[in-house]
Structures are given as C-alpha cells and as structure tokens.
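A quick write-up on the structure given underneath.
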Amino acid sequence: MKKMSVVYHSGAGHTAYAAEKVVEGAKSVAGVEVQLVEIGKNPTDWEMLKAADAIIFGTPTYMGGVSAPFKAFMDESSKAWYTRDWQNKLAAGFTVSGSPSGDKQGTLQSLMTYSLQHGMFWVGYDRLPEVYSGVAPEKARNRLGSFSGLMLQAAQTAPHESFLPGDLASAIDFGERVATVLVKNIR
Ligand SMILES: Cc1cc2nc3c(=O)[nH]c(=O)nc-3n(C[C@H](O)[C@H](O)[C@H](O)COP(=O)(O)O)c2cc1C
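Below, the structure written as structure tokens:
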C-alpha cells in the first residue's frame, strides 16, 4: 500500500473543500492510502510526512503567492530538507483563487520550486482542457488550462456552493492522476 498525504492551508474553507475532492479522487485508486492534513489544526506530524510516498500541497492564492500559514509550514520543513526526508517522493500542488487568473501561476511555481528543493519528483496535471472537446466551460475539467498543477477558482460564497462543477471534477481528477502515477508511474 502506497501512502499519500494531502497537506493544505485554508483561511475561509475553499481550499479545504477542494482538498477533500482531491482526496476523493486519490482514494478512488486501489493501493493508495490517503491522509488529509490541515496546517495549523494540529502540530505538524513530520514523521507521518516522512513516511509518505507522495505529498500533495494545497494553498489558497493570497496576494499572488502561497498563504502566510502555508509559507510558515514551508519554512518549518527546512529541517526535513536538511536531512533529505522527502527525497524522491512524488509531489504535486493545487491552489484556489477568487479571480480567474488571480496570479495563481506564482503560487504553483513556488510549490514546484519548493518540492524540487526537497528532491521530490513534481507531477503536473495532464488533463487536456475539456473546453477543447466542446464541453461547456462550467462543466469542463481543467477549465483554467493549467498543467503545472491544479488551479481552481472559487466565488465569494460558502465553499460548497462556490465552485463550478467542472472545477470540482478537476480536483477529483487531479487526485486520481497523482495517485495513479504513484501506483503505476503513469496515467
Ligand atoms: C489575504 C488575501 C489575499 C488574496 N489574494 C488573492 C489573489 O492574489 N488573487 C486572487 O485571485 N484572489 C485572492 N484572494 C481570494 C482568495 O484566493 C479566495 O477567496 C480563495 O477562495 C480563498 O481560499 P480559502 O477559503 O481556502 O482561504 C485573496 C484573499 C485573501 C484573504
């Protein structure tokens, strides 16, 4: 059984809701055990992260980058960096913003560089944006056309009603993608 951790911060619950969908997708893959870890809820369990085979990082985009609590987690992980605890694990990332762009690329770039500093293998999002196949934008997976990681947009409403159906399907799809790569090396 392969182990995956989905580690996220969420200020107002949107990234938390997305993280649950990522986990749903990952759990649909046989042979993968998934743990959901909210930064700040409990002290970070560094031993659990050390034992994981893959870590998916999730953060809202705040001011064009990762949120402050997520950055604090990143900085705290420098101990694990020094001892190479995450060397050769799979890594992937997702982010949620309010605007269609919202400068989310900066956030994913930061997560990718961070993962590579840890010696991890970065897994992107492989889904061809389904708008190219004629799927209506609100139902299309990878609506925002991001390949370096999962990008989602949330309206300023309660988390469960703030995402388009296609964006929620993207989150499930992305979790499945990373879990499948973890088990089979390919999707
Ligand atoms: C401090 C702060 C900074 C933000 N900066 C951005 C931004 O740069 N781009 C954007 O599109 N949305 C921005 N937003 C909106 C959030 O990304 C959006 O509301 C997101 O759904 C929040 O996720 P959360 O509920 O998990 O915290 C910002 C929100 C806050 C509170």
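Letter by letter, the sequence shown follows residues 194 to 380 in my numbering. From the three backbone atoms N, C-alpha and C, an ideal C-beta is built for every residue, glycine too. Predicted model only: the values in this text are computed from it and were never measured.
Asked                                                                                     : Found
Contact between the segment 245 to 255 and the segment 271 to 290 (3+ Cβ pairs under 8 Å) : yes
As assigned by DSSP and simplified to three states, the class of S308                     : helix
Residue range of the unbroken beta strand (DSSP E) whose run includes A284                : 283 to 290
Which listed residue (Q349, V324, E369) has its alpha carbon closest to that of L337      : V324
Near ligand 1: M256 beta-carbon under 7 Å from a heavy atom                               : yes
Backbone CA spacing between K264 and V376 [nearest angstrom]                              : 29 Å
Contact under 8 Å by Cβ, S363 with N335                                                   : yes
Bridge partner(s) assigned by DSSP for V230                                               : V200
Distance cut-off 7 Å: P262 Cβ against heavy atoms of ligand 1                             : no
Local conformation of P253 per DSSP, three classes                                        : strand
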